[in-house]
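Single-structure report; data block below.
Okay, here's the thing in C-alpha cells:
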C-alpha cells in the first residue's frame, strides 16, 4: 500500500512539474516520454486510490497517450495504453459513474483494434457501446465501425441488419416496414414538381440530425443491393431523396449517388424516361475525382445501357 501511494505521489509531482493542464502529448519526444513516465507511476499507484476523479484523470491520460500513439500509426502500443486505462475503471459501475471517459476509451480502443485487424475484439467493444450508450446518438460511431467490420468480412446480411438497428435505435426510423409503393408515389411527385435547375442548385444540408443519418441510409441502399433486397434498397434511396429535397444536399457526390440509386428504383418500375432523368442528374451532380461521384457516374452509365436495351 505504501509503495503504491509513493508511485501516486511521484506521478502527481511530475505532473505538477510538467506545468500544463493538458495531459495529452502536444509535441516533442521529451514531453511524450514525460507523459509515459507519469502514466506508469499512476498505473502502479492506482491500487491506493479510491477517488473517482483521480481514477478518471489516470484513464484520461492513458486515453490521450493512446490517441497520440495512433496518430503515429503505433497501433499496438496504442492498444496497450488504452487497455491499461480501461482496466483502471470499475467493471460494475463505470458506465454509471464515469460514462464519458468510458464511452470514449471503448470507442478509441475499438478503432485501434480495427486498425490492427483484431476485428472480433473490436466488435465486442462496439456491441458494449451499443448496449450502454445514452442517449442513443452516442452510439453512432459504434454502429458505423460495426458496419465497416461486417463489410470487411463480406457479411452483408449482418451489415444490413446492423444498419436497420441503428436507424431504429437512433432515429426511430423503422424503414423496413414502410410501404415502398406509397413512398415511391410521394417522392416521384416531389421530383416531378422540381426542374433540373432546381435540383442542381440545392442548398447545403444544415439539419445535423439528418446529416448524421444520411450515410447510414446510403450504406443501406448499397448493401441491400448486394443482398438482393431490392425493396429495401428502393426504400433507402427514396428516403434519401425525400430528405434531400426537404433539408438540402448532404454532400454533392452523396447526392449524385442518391439520385443514381433512385434512378434504379424508378427503372425497376419500367419508367425508363424518368429513370434516365435521375441518371443524368446524378452524372451532372457528381465529380470524377471523388469516389462517391465515380460510383454515381458508374450507376448512371450501367443503368443507361440497361434502360436502352429494355426500351
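In the working numbering, the protein residues as written are 72 to 382.
No residue lacks a Cβ here, since even glycine has one placed at the ideal position from N, Cα and C.
{"Asked": "Sub-7 Å separation of residue 196 and residue 212 beta-carbons", "Found": "no"}
{"Asked": "Residue span of the alpha helix (DSSP H) that contains residue 293, given as start and end", "Found": "279-297"}
{"Asked": "Beta-carbon contacts of residue 207 that lie in its chain and below 8 Å, excluding the five residues immediately before and after", "Found": "240 and 241"}
{"Asked": "Residue span of the alpha helix (DSSP H) that contains residue 305, given as start and end", "Found": "301-318"}
{"Asked": "Straight-line gap, residue 353 to residue 273 (C-alpha atoms, nearest Å)", "Found": "13 Å"}
{"Asked": "Residue 357 versus residue 230 - alpha carbon distance", "Found": "26 Å"}
{"Asked": "Coarse secondary structure for residue 364, derived from DSSP in three states", "Found": "helix"}
{"Asked": "Contact under 7 Å by Cβ, residue 307 with residue 336", "Found": "no"}
{"Asked": "For residue 275, three-class secondary structure by DSSP", "Found": "strand"}
{"Asked": "Proximity of residue 173 and residue 165 at Cβ, strictly below 7 Å", "Found": "yes"}
{"Asked": "Enclosing alpha helix (DSSP H) for residue 135 [first to last residue]", "Found": "123-142"}
{"Asked": "Status (buried if at least 16 other CB within 10 Å, exposed otherwise) for residue 130", "Found": "buried"}
{"Asked": "Alpha helix (DSSP H) segment containing residue 205, residue limits", "Found": "Premise fails: residue 205 is in no alpha helix (DSSP H) and is neither H nor E."}
{"Asked": "Whole-number beta carbon distance between residue 312 and residue 287, since they are thought to touch under 8 Å", "Found": "So it is not a contact: roughly 15 Å between Cβ atoms."}
{"Asked": "Buried/exposed call for residue 92, threshold 16 Cβ in 10 Å", "Found": "Since pLDDT at residue 92 reaches only 44, below the 50 mark, its modelled position is unreliable, and no value is offered."}
{"Asked": "Short Cβ contact (7 Å threshold) for residue 328 with residue 304", "Found": "no"}
{"Asked": "Length of the line joining the Cα atoms of residue 310 and residue 199", "Found": "29 Å"}
{"Asked": "Residue 152, buried or exposed, once every other Cβ within 10 Å from all chains shown has been counted against 16", "Found": "buried"}
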